[in-house]
Amino acid sequence: GESVGLHLPTLSVQEGDNSIINCAYSNSASDYFIWYKQESGKGPQFIIDIRSNMDKRQGQRVTVLLNKTVKHLSLQIAATQPGDSAVYFCAENGAGGGGADGLTFGKGTHLIIQP
Amino acid sequence: DTEVTQTPKHLVMGMTNKKSLKCEQHMGHRAMYWYKQKAKKPPELMFVYSYEKLSINESVPSRFSPECPNSSLLNLHLHALQPEDSALYLCASSQIGGNEQYFGPGTRLTVT
């Protein structure tokens, strides 16, 4: 079965508000987690990543939190903008960078920005 | 150049046709990947090439045949596909030992 999943398929937020997208994973050996953004008609675009030895990582307007105790990952987007509308996927790479391994993606959350 | 390109953008083929999807990157990445993405679903790994050699085949039917002619190119040869093979086919690349995969825009395949 899937090792990575999401709680909500659709999330609607007001422009300017903060968004939180959640992800649960089941493989406790997972070493590396990534958030991707996929806009309509495009391939997934890297947003931010985090290693299993960290619990928080910040980027520009985005923060990823990792709770290994409950195997939970979240993506926080600050001051949501219309351009943030997309499907967001969490993904896991269990190899820890030791070679070339494919990613296992979660189900995805469609983020809708209300004006 | 941090771009992965894929051709064609769209492809319609019959079940008896033979066609190929192409992927190219010039980032010096030695790992390349094929994923299949059905509508409203996440990408699913099909194949991984490492140093131009097939390293992972996720039990993909033989009607899909990958090929990596050199370190910049990745092909996916298609033959005798079924309508359920209609999907977005994504190519990605990464450094060996690197975790960030760069995705192309995909080829939208329709099998009639």
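Same order as they appear, the protein sequences are chains H and F.
Residues in the first sequence are numbered consecutively from 1, following the numbering used here.
Residues in the second sequence are numbered consecutively from 1001, following the numbering used here.
Heads up, the beta-carbon is just placed ideally off N, CA and C, and yes, glycines get one too.
Every value quoted in this text rests on a predicted model; they were computed, and no experiment measured them.
Is the distance from the Cβ of residue i to the Cβ of residue j below 7 Å?
{"i": "H:Gln114", "j": "H:Ser30", "result": "no"}
{"i": "F:Val1060", "j": "H:Gly102", "result": "no"}
{"i": "F:Arg1063", "j": "F:Leu1081", "result": "yes"}
{"i": "H:Gly59", "j": "F:Leu1090", "result": "no"}
{"i": "F:Gly1104", "j": "F:Val1012", "result": "no"}
{"i": "H:Phe46", "j": "H:Leu73", "result": "no"}
{"i": "H:Ile50", "j": "H:Arg61", "result": "no"}
{"i": "F:Glu1110", "j": "F:Gly1014", "result": "One detail in the question is off: residue 1110 of chain F reads as Thr in this sequence, not Glu. Cβ distance not < 7 Å, so F:Thr1110 and F:Gly1014 don't count as in contact."}
{"i": "F:Gln1025", "j": "F:Ser1093", "result": "yes"}
{"i": "H:Phe89", "j": "F:Pro1066", "result": "no"}
{"i": "H:Gln38", "j": "H:Ala86", "result": "yes"}
{"i": "H:Ala100", "j": "F:Ala1031", "result": "yes"}
{"i": "F:Cys1023", "j": "F:Gln1037", "result": "no"}
{"i": "H:Ile21", "j": "H:Thr104", "result": "no"}
{"i": "F:Glu1052", "j": "F:Cys1068", "result": "yes"}
{"i": "F:Leu1073", "j": "F:Leu1021", "result": "no"}
On the three-state DSSP scale, how would you describe residue i?
{"i": "H:Asp31", "result": "coil"}
{"i": "F:Pro1066", "result": "strand"}
{"i": "H:Gly16", "result": "coil"}
{"i": "F:Asp1085", "result": "helix"}
{"i": "H:Asp55", "result": "coil"}
{"i": "F:Thr1110", "result": "strand"}
{"i": "H:Asp84", "result": "helix"}
{"i": "F:Pro1008", "result": "coil"}
{"i": "H:Gly1", "result": "Annotation note: pLDDT 35 at H:Gly1 (below 50); position unreliable, no value reported."}
{"i": "H:Thr63", "result": "strand"}
{"i": "H:Leu6", "result": "Reliability fails at H:Leu6, whose pLDDT of 47 lies under 50, so the model's placement of it is uncertain and the value that follows must be treated cautiously. H:Leu6: strand per DSSP, three-state reduction."}
{"i": "F:Lys1038", "result": "coil"}
{"i": "F:Asn1099", "result": "coil"}
{"i": "H:Ala78", "result": "coil"}
{"i": "H:Asp49", "result": "strand"}
{"i": "F:Ser1093", "result": "strand"}
Residue i versus chain F: which residues are under 9 Å apart at the beta carbon?
{"i": "H:Ile34", "result": "Asn1099, Glu1100 and Gln1101"}
{"i": "H:Asn93", "result": "Asn1099 and Gln1101"}
{"i": "H:Gly108", "result": "Lys1040, Lys1041 and Pro1042"}
In chain H, which residues lie less than 7 Å from residue i when you measure between Cβ atoms?
{"i": "F:Gly1106", "result": "Gly43"}
{"i": "F:Tyr1089", "result": "Those do not exist, as F:Tyr1089 stays about 10 Å from chain H at its closest Cβ, beyond 7 Å."}
Would residue i count as contacting chain C if we go by Cβ distances under 7 Å?
{"i": "F:Pro1061", "result": "The question asks about chain C, but that chain is absent: this structure's protein chains are H and F."}
Can you name the residues of chain F whose CB is closer than 8 Å to the CB of residue i?
{"i": "H:Asp49", "result": "Asn1099 and Glu1100"}
On the DSSP letters alone, give me the boundaries of the beta strand (DSSP E) that residue i sits inside.
{"i": "F:Glu1052", "result": "It is not in any beta strand (DSSP E) - F:Glu1052 carries neither H nor E in the DSSP assignment."}
{"i": "F:Gln1077", "result": "Looking at the sequence itself, residue 1077 of chain F is His, so the reference to Gln does not match. Leu1073 to His1079 is the extent of the beta strand (DSSP E) around F:His1077."}
{"i": "H:Ser26", "result": "Counting along the chain, H:Ser26 falls outside any beta strand (DSSP E), and DSSP gives it neither H nor E."}
Which residues in chain H have a C-beta closer than 8 Å to the C-beta of residue i? List them in chain order.
{"i": "F:Val1048", "result": "Ala100, Asp101 and Gly102"}
{"i": "F:Pro1043", "result": "Pro44, Phe89, Leu103 and Phe105"}
{"i": "F:Ser1094", "result": "Ala100"}
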